[in-house]
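A.B. asks: Numbered per my numbering, the sequence shown spans residues 3 to 79. Just so it is clear, CB atoms sit at the ideal spot from N, CA and C, and this is done for glycine as well.
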Amino acid sequence: MDPVYEVPPEVQHYSCMVDILARAGLTEEALEFIKKMRGSLLGTCQICGNVELAEQACSRLLELDPGNHGAYICSFI
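1) Starting from V53, trace the alpha helix (DSSP H) in both directions and tell me its first and last residue.
2) Would you check if the stretch 45-57 and the stretch 16-36 touch, i.e. whether three or more CB-CB distances between them fall below 8 angstroms?
3) If distances are taken between C-alpha atoms only, which option among E34, S42, A26 and A24 comes closest to E12?
4) In its own chain, which residues sit with a C-beta less than 8 angstroms from the C-beta of M39, not counting the 5 before and 5 after it?
5) Tell me which residues share the same chain as I36 and place their Cβ nearer than 7 angstroms to its Cβ, disregarding the 5 neighbours each side in the sequence.
6) Using DSSP with H/G/I as helix, E/B as strand and the rest coil, what is F78?
Okay, structure coming up:
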């Protein structure tokens with residue numbers, strides 16, 4: 003969106019994507035989309051130094067995907 007229309011994606015855009023995928027019956031794709039968002043949030047928290055939000059994101063990401071080794075690594079940095 004950003005490079006073409008110069009509109010930075012916001013929370014509402016991501017929420018709409020999850021809703022569209024779910025309504026189309028693409029629940030697995032919606033879950034994958036959410037997992038990617040959580041990973042992005044975790045990385046952003048790390049950059050910004052928001053430890054409290056990073057702990058919440060990491061905890062939820064590990065609940066959704068216990069095999070996600072990146073979440074374990076980020077939780078120790």
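C.D. replies: The answer reads as follows:
1) Position 51 of the sequence shown holds residue 53. Run containing V53: V53 to L66, per the alpha helix (DSSP H) assignment.
2) Contact between the stretch 16-36 and the stretch 45-57 is absent, because fewer than three Cβ pairs lie under 8 angstroms.
3) Position 10 of the sequence shown, counted from the start, is the residue given in the question as residue 12. With distances taken between Cα atoms, E12 lies closest to S42.
4) As a working note, residue 39 is residue 37 in the sequence shown. So the qualifying residues of the chain are Y16.
5) Residue numbering aside, residue 36 sits at position 34 when the sequence shown is read from its first letter. Closer than 7 angstroms at Cβ, skipping near neighbours: V20.
6) Mapped onto the sequence shown, residue 78 falls at position 76. The predicted model places F78 with a pLDDT of 48, which falls under 50 and marks its position as unreliable; any figure quoted below should be read in that light. Looking at F78 - three-state DSSP - the assignment turns out to be helix.
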